[in-house]
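Each remark here refers to the structure printed beneath this line.
What follows is the structure in structure tokens.
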């Protein structure tokens with residue numbers, strides 16, 4: 024047995040940042056220069072180490088990072104990450120001042136959230152930045168694409184200390200072989216965005232594609248995509264066309280074999 028093994032730490036993960044960078048470069052190449060790539064680094068970058076991953080990806084053309092919580096976002100800022108950061112989940116109002124001060128974008132799915140955020144930003148003498156979430160079929164947070172939501176977003180757009188930077192939805196079944204549900208969601212999203220534009224609300228960044236849609240749906244890239252599990256070299260399901268995107272798993276589990284029985 025080798026003398027180089029660490030017998031006090033017999034199990035460890037090896038993360039290859041070079042592979043993660045190559046995976047993102049493949050995504051960037053696939054979506055083209057007109058589409059931004061936001062890397063999803065929630066849950067400690069799916070266990071790969073969010074700070075280390077974000078630092079590496081900041082150097083190779085990644086637009087920004089998506090996280091789930093305020094804590095995840097603050098950890099990136101404190102580590103020196105200056106790229107745009109979007110919190111995908113709900114944020115409590117008592118955290119608004121913190122996210123504004125740290126230039127973190129908030130997901131908004133009700134007018135009341137934006138109104139309270141506007142008040143916090145006004146007191147600080149600055150502007151808060153948000154992305155609008157639309158629920159086109161996932162069944163989680165998000166504006167239902169109807170006339171009432173159009174009116175709420177119109178009111179949000181009139182808040183003086185809130186800037187709508189983006190609008191997005193999340194596909195529920197993009198990793199399935201049957202793309203009917205995903206296509207229906209995309210059509211709902213497009214119609215909703217068009218309805219906003221018809222009343223003069225033009226939101227700069229639009230994004231719908233998760234990992235599975237990045238692989239299989241070139242017609243849905245819009246001007247930003249969210250690269251999730253494919254960032255780390257894993258395909259979202261057995262139903263996606265793996266030949267359309269070359270990625271490499273970046274995580275290895277190492278351990279010692281102490282006994283073999285036959």
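Residue numbers (my numbering): 24 to 285.
Backbone N, C-alpha and C define an ideal beta-carbon position, used for all residues, glycine too.
Predicted model only: the values in this text are computed from it and were never measured.
Contact belief for residue i with residue j at Cβ below 8 Å, rounded distance in angstroms
i: residue 90; j: residue 237; result: Not quite, the Cβ-Cβ distance comes to about 19 Å (not below 8 Å), so this is no contact.
i: residue 219; j: residue 226; result: 7 Å
i: residue 206; j: residue 160; result: That pair is no contact at about 11 Å.
Length of the line joining the Cα atoms of residue i and residue j
i: residue 117; j: residue 269; result: 43 Å
i: residue 150; j: residue 126; result: 9 Å
i: residue 142; j: residue 184; result: 8 Å
i: residue 75; j: residue 106; result: 14 Å
i: residue 120; j: residue 137; result: 13 Å
i: residue 174; j: residue 264; result: 40 Å
i: residue 223; j: residue 188; result: 15 Å
i: residue 190; j: residue 261; result: 29 Å
i: residue 139; j: residue 93; result: 17 Å
i: residue 248; j: residue 72; result: 21 Å
i: residue 274; j: residue 68; result: 11 Å
i: residue 204; j: residue 166; result: 18 Å
i: residue 39; j: residue 48; result: 15 Å
i: residue 171; j: residue 215; result: 12 Å
i: residue 24; j: residue 272; result: A caution first: residue 24 carries a pLDDT of 46, below 50, which makes its placement in the model unreliable, though a value can still be read off. Cα to Cα, residue 24 sits roughly 28 Å from residue 272.
i: residue 37; j: residue 209; result: 38 Å
i: residue 202; j: residue 240; result: 9 Å
i: residue 282; j: residue 198; result: 39 Å
i: residue 99; j: residue 115; result: 19 Å
Per DSSP, cross-strand counterpart(s) of residue i
i: residue 189; result: 154 and 228
i: residue 167; result: DSSP output for residue 167 lists no bridge partner at all.
i: residue 277; result: 35
i: residue 249; result: 61
i: residue 88; result: 62 and 108
i: residue 351; result: Residue coverage of the chain in this structure runs from 24 to 285, which leaves residue 351 outside it and unanswerable.
Chain-order list of residues whose beta-carbon lies under 8 Å from that of residue i (same chain, five-residue window excluded)
i: residue 253; result: 46, 50, 234, 237, 238, 259, 268 and 270
i: residue 104; result: 74, 77, 78, 81 and 88
i: residue 145; result: 183 and 184
i: residue 124; result: 147
Contact set for residue i: own chain, Cβ-Cβ below 7 Å, skip 5 residues either direction
i: residue 113; result: 164
i: residue 246; result: 57, 58, 59, 228 and 229
i: residue 200; result: 262
i: residue 133; result: none
i: residue 284; result: none
Under 8 Å between C-beta atoms of residue i and residue j
i: residue 110; j: residue 130; result: yes
i: residue 33; j: residue 276; result: no
i: residue 293; j: residue 42; result: The chain is shown from 24 up to 285; residue 293 falls before or after that span and cannot be answered.
i: residue 244; j: residue 157; result: no
i: residue 85; j: residue 62; result: yes
i: residue 155; j: residue 176; result: yes
Neighbourhood of residue i by C-beta distance below 6 Å, restricted to the same chain and skipping five residues each side
i: residue 96; result: 90, 108, 110 and 127
i: residue 35; result: 277
i: residue 44; result: 79 and 83
i: residue 192; result: 157, 159, 212 and 231
Contact test: residue i Cβ vs the ligand SAH heavy atom, cutoff 7 Å
i: residue 76; result: Looking at this structure, you won't find the ligand SAH or any other ligand, since it has none at all.
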